[in-house]
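Each remark here refers to the structure printed beneath this line.
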Amino acid sequence: MQLPPEACVKSEDGFASFFEQFVYEAPVRAAYSAPTVEVRDIKDPAKLLGSEQPGPFRIAMVDNQWSYNEPGKDAGQFARVKMDRTLNGDRMRVDFVKAEFSPDEEVTKTLGKPEAYVFEFKQGCWQLTQQLR
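Quick note on numbering: the sequence shown equals residues 512 to 644 in the numbering used here.
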């Protein structure tokens with residue numbers, strides 16, 4: 512499995528390229544996820560709730576729209592998500608929450624609890640290391 516060279520650049524654009532491959536390709540998720548992912552409190556990320564093997568990745572791309580992956584549901588039933596990325600040193604945090612959008616793609620309402628994933632730049636590329644709930 513070969514990522515495009517730009518996917519392993521520590522930058523906003525590099526992460527965007529990496530993240531697209533990570534979302535689309537299960538082998539990429541397996542290769543670029545830590546063996547155990549720390550589960551932390553989204554309101555207090557310093558608070559470790561536990562560690563677990565990476566479960567189903569909750570962000571999917573459906574019809575060119577970021578969506579919330581819910582196992583057992585057909586992709587056409589996935590809710591869309593509002594997503595924000597923040598680069599801080601060697602970490603990229605991807606915050607997401609189910610949302611409703613207006614016809615001009617503005618968020619009109621968020622639904623449910625926000626979640627986040629944290630990726631760290633390690634050994635020359637990005638790696639999923641934390642899930643915030």
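Cβ coordinates follow ideal geometry from the N, Cα and C atoms, glycine included.
ask   = Can residue 635 and residue 519 be called in contact, C-beta distance under 7 Å?
value = yes
query = Which residues bound the beta strand (DSSP E) around residue 561?
reply = 555–563
ask   = Is the distance from the Cβ of residue 590 to the Cβ of residue 573 below 7 Å?
value = no
message = Quick check: residue 592 and residue 612, are their CB atoms within less than 7 Å of each other?
response = no
task = Could you tell me which of 551, 568, 555 sits nearest to residue 561, measuring between CA atoms?
result = 551
key: Residues near residue 536 by beta carbon distance below 8 Å, same chain, minus five either side   = 512
key: Nonlocal neighbours in the same chain, by C-beta distance under 8 Å from residue 532, ignoring five residues either side   = 514, 515, 518, 539
message = Within the continuous beta strand (DSSP E) that includes residue 605, where are the two ends?
response = 602–612
request  = For residue 625, I'd like the list of residues in its chain whose CB is within less than 8 Å of its CB, leaving aside the five on either flank, ordered along the chain.
outcome  = 553, 606, 607, 608
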